[in-house]
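Colleague:
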Amino acid sequence: MKNIELILSILQKTYPDAGCELNYQTPFQLLIATMLSAQATDKSVNKLTASLFEEYPEIDDFLKMSQKEIEEKIRKIGLYRNKSKNIYHLCRVLKTAFDGEVPSNEEDLMSLPGVGRKTASVVLAEAFKIPAIAVDTHVFRVTRRLGLTSAQTPDKVSNELMKRIDKSWWIKAHHLFIFHGRRMCKARKPMCEVCPVEKECEKIGLAS
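In numbering that gives the first Met the number 0, the protein residues as written are 0 to 207.
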């Protein structure tokens with residue numbers, strides 16, 4: 000059995016500042032920013048939302064925009080057409096079904112247009128401090144390479160990690176794996192020679 004707490008402790012010492020890198024002020028802003036971050040960097044999302052949230056800070060402000068107007072506002076982000084469609088409809092569902100408030104449970108969050116488990120988990124963990132492990136491409140890659148899971152899909156990886164990692168670590172573990180994936184355990188040319196958890200790593204699917 001992997002010494003998961005040892006790995007997490009080492010990563011915590013390596014990345015003491017690990018945390019959400021999306022800029023937001025409310026659960027609604029975090030929800031929108033997380034949706035925009037799919038197949039986009041946090042840096043590019045933050046650059047866009049700096050002006051977007053200044054002009055349209057609340058859901059009622061978004062409701063004033065047409066789908067086409069939202070599309071124009073976010074067109075610098077990848078998949079902007081599909082994202083604008085989802086955001087347009089999401090705002091209306093939030094207003095009619097949830098009185099304009101972002102729900103704080105996974106089922107309700109995932110009932111919203113364009114919100115999958117990863118986005119729901121990010122919102123739960125960050126906005127409401129409810130333990131969850133969101134699995135993005137970095138978490139998927141790093142945890143599989145380390146041998147913490149052998150699951151083949153993000154949802155199954157999340158399920159396995161939640162079984163094997165103590166709940167008190169869930170939110171922090173998510174950020175630690177992301178930081179490690181972005182800064183060292185990269186998809187291409189991972190920096191294994193200087194990796195602090197190299198001795199614990201099984202290097203599964205290293206070429207992936």
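Glycine included, C-beta positions come from ideal geometry on N, C-alpha and C. As the structure is a prediction and not an experimental result, all values here were calculated from the model.
Pull up the CB-CB distance for lysine 202 and arginine 144, whole angstroms please, since I reckon it's below 8 Å.
Modeller: With a Cβ gap of about 6 Å, lysine 202 and arginine 144 count as contacting.
Colleague: With a Cβ-Cβ cutoff of 9 Å, do lysine 63 and serine 83 count as a contact?
Modeller: No, these two residues do not count as a Cβ contact at 9 Å.
Colleague: Can you give, in chain order, each stretch of the alpha helix (DSSP H) that sits fully within the segment 53-110 and has at least 4 residues?
Modeller: If we require 4 residues or more, the alpha helix (DSSP H) runs fully inside the segment 53-110 come out as 58-62, 66-73, 79-97, 105-109.
Colleague: Leaving out five residues on either side along the sequence, give the residues of the same chain with a beta carbon under 8 Å from the beta carbon of glutamate 192.
Modeller: Excluding residues within five positions, none has a Cβ falling inside 8 Å.
Colleague: Shortest alpha-carbon distance to glycine 180 belongs to which of Thr142, Asn45, Leu108, Val121?
Modeller: Comparing Cα-Cα distances from glycine 180 to each of Thr142, Asn45, Leu108, Val121, the minimum goes to Thr142.
Colleague: So does the segment 69-82 actually touch the segment 104-111, counting three or more Cβ pairs closer than 8 Å?
Modeller: Too few Cβ pairs lie closer than 8 Å, so no.
Colleague: Under the three-state reduction of DSSP, which class applies to valine 138: helix, strand or coil?
Modeller: In this structure, valine 138 counts as helix in the three-state DSSP scheme.
Colleague: Using 8 Å as the threshold, is the segment 152-167 in touch with the segment 44-59, meaning 3 or more CB pairs across them?
Modeller: Not touching, per the Cβ criterion.
Colleague: At what residues does the alpha helix (DSSP H) containing glutamine 38 begin and finish?
Modeller: Looking at the DSSP string, glutamine 38 is not in any alpha helix (DSSP H), and its letter there is neither H nor E.
Colleague: Please classify glutamate 4 as buried or exposed, where buried requires at least 16 neighbouring CB atoms within 10 angstroms.
Modeller: Exposed, by the Cβ-count rule.
Colleague: Taking Cβ positions, are leucine 123 and serine 103 nearer each other than 9 Å?
Modeller: Yes, they are a contact pair.
Colleague: Buried or exposed: arginine 140, going by 16 or more other Cβ atoms within 10 Å of its Cβ?
Modeller: Arginine 140 is buried by the Cβ-count criterion.
Colleague: Can you have a look at serine 207 and say buried or exposed, based on whether 16 or more other CB atoms are within 10 angstroms of its CB?
Modeller: Bear in mind that the predicted position of serine 207 carries a pLDDT of just 45, short of 50, making it too unreliable to give a figure here.
Colleague: Does the Cβ of asparagine 2 have 16 or more other Cβ atoms within 10 Å, making it buried, or fewer, making it exposed?
Modeller: So asparagine 2 ends up on the exposed side.
Colleague: Only counting the same chain, and skipping five residues up and downstream in sequence, which positions put a Cβ closer than 6 Å to that of leucine 30?
Modeller: For leucine 30, where only same-chain residues beyond five positions count, the Cβ hits under 6 Å are Val101, Val122.
Colleague: To the nearest angstrom, how far is it from the Cα of lysine 42 to the Cα of asparagine 85?
Modeller: Answer to the nearest angstrom: the Cα atoms are 21 Å apart.
Colleague: Given a threshold of 16 other Cβ atoms within 10 Å of its Cβ, counted over all protein chains shown, does methionine 183 qualify as buried or as exposed?
Modeller: Looking at its Cβ environment, which holds 16 or more other Cβ atoms inside 10 Å, methionine 183 is buried.
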